[in-house]
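*Asks:* Numbering (our numbering), first residue to last: 174 to 300. Sending over a structure as structure tokens; questions will come in a sec.
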Amino acid sequence: MIIEAQAQIQKETQQGRQNTIQTPSEIIHRYKSILKTLPKAKTMTRAFQKHVIDRNTVVSTSAIGELAIAAPEVYEEVVAKKPCGETVLAFAKRCEAAIQGDEDVKEKMESMKAGGTLLPIRRIKPV
């Protein structure tokens, strides 16, 4: 399985195609597809391999997907204030700040992670 994923990465790199995600909506779509794959793949590592994505990439942008799923109204507020040209990582940091700033959202996300509705990603230090 690992060799197949590595071969797929090498093949896509050779063809010049890369899975470059550039908008928050693409990140949310990717997050949901990984979430859907997780029960079949059994582990996050295998789910990431199936989607040909690095774990650190998912971790660094997961705040966007988590906020969009757990608290869509808060997510919409953050998106409304998104300046033109803001990088995905900067937007992910603002989403993380919105999560950390609201205890209700934080608690809801923890319960959703425990229930399997969100990816069980734990961040030691903030994004």
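Where is the CB? At the ideal position from N, CA and C, for every residue including glycine.
Select from Ala236, Ser206, Ser235 the residue whose C-alpha is nearest the C-alpha of Lys223.
*Replies:* Sequence index remark: in the sequence shown, residue 223 carries index 50 (1-based). Nearest option by C-alpha distance: Ser206.
*Asks:* Compute the Euclidean distance between the alpha carbons of Ile194 and Ile237, then round it to the nearest angstrom.
*Replies:* Along the sequence shown, one-based indexing puts residue 194 at 21. Along the sequence shown, one-based indexing puts residue 237 at 64. Each residue's alpha carbon lies about 13 Å from the other.
*Asks:* Straight-line CA distance for Thr234 to Leu262?
*Replies:* Reading the sequence shown from its first residue, position 61 is the one you call residue 234. Reading the sequence shown from its first residue, position 89 is the one you call residue 262. Rounded to whole angstroms, Thr234 to Leu262 spans 7 Å at the Cα level.
*Asks:* Beta carbon of Ala243, beta carbon of Met217: below 7 Å?
*Replies:* Your numbering for residue 243 matches position 70 in the sequence shown. Your numbering for residue 217 matches position 44 in the sequence shown. No, the pair does not count as a contact, with Cβ atoms beyond the cut-off.
*Asks:* If I follow the unbroken alpha helix (DSSP H) through Pro197, where does it start and stop?
*Replies:* Within the sequence shown, the letter at position 24 stands for residue 197. Start and end: 197–214.
*Asks:* Going by DSSP, what residue range makes up the alpha helix (DSSP H) through Asp277?
*Replies:* In the sequence shown, the residue the question calls residue 277 occupies position 104. That run of the alpha helix (DSSP H) goes 276–288.
*Asks:* What residue range is occupied by the uninterrupted alpha helix (DSSP H) comprising Leu262?
*Replies:* As a working mapping, residue 262 is identified with position 89 in the sequence shown. Looking at the DSSP string, the run of the alpha helix (DSSP H) that includes Leu262 is 261–273.
*Asks:* Mapping the DSSP letters down to three states, classify Gly306 as helix, strand or coil.
*Replies:* Examination of residue 306 is not possible in this model, given that the chain is present from 174 through 300 alone.
*Asks:* Buried or exposed for Arg296, please, with buried defined as at least 16 other CB atoms from any protein chain shown within 10 angstroms of its CB.
*Replies:* The residue you call residue 296 lines up with position 123 of the sequence shown. Arg296 should be labelled exposed.
*Asks:* Among the residues of its own chain, which have a CB less than 6 Å from the CB of Lys281, if the five just before and after it don't count?
*Replies:* Within the sequence shown, the letter at position 108 stands for residue 281. Result list for Lys281: Ala243, in chain order.
*Asks:* Once DSSP output is grouped into helix, strand and coil, what is the label at Val231?
*Replies:* Locating residue 231 in the sequence shown gives position 58, counting from the first residue. In this structure, Val231 counts as helix in the three-state DSSP scheme.
*Asks:* State yes or no: is the C-beta of Ile272 within less than 7 Å of the C-beta of Leu240?
*Replies:* The residue labelled residue 272 in the question sits at position 99 within the sequence shown. The residue labelled residue 240 in the question sits at position 67 within the sequence shown. Contact flag set, yes.
*Asks:* In whole angstroms, what is the alpha-carbon distance linking Asp277 and Glu269?
*Replies:* Here residue 277 corresponds to residue number 104 of the sequence shown, with the count starting at 1. Here residue 269 corresponds to residue number 96 of the sequence shown, with the count starting at 1. When rounded, the distance between both Cα atoms is 14 Å.
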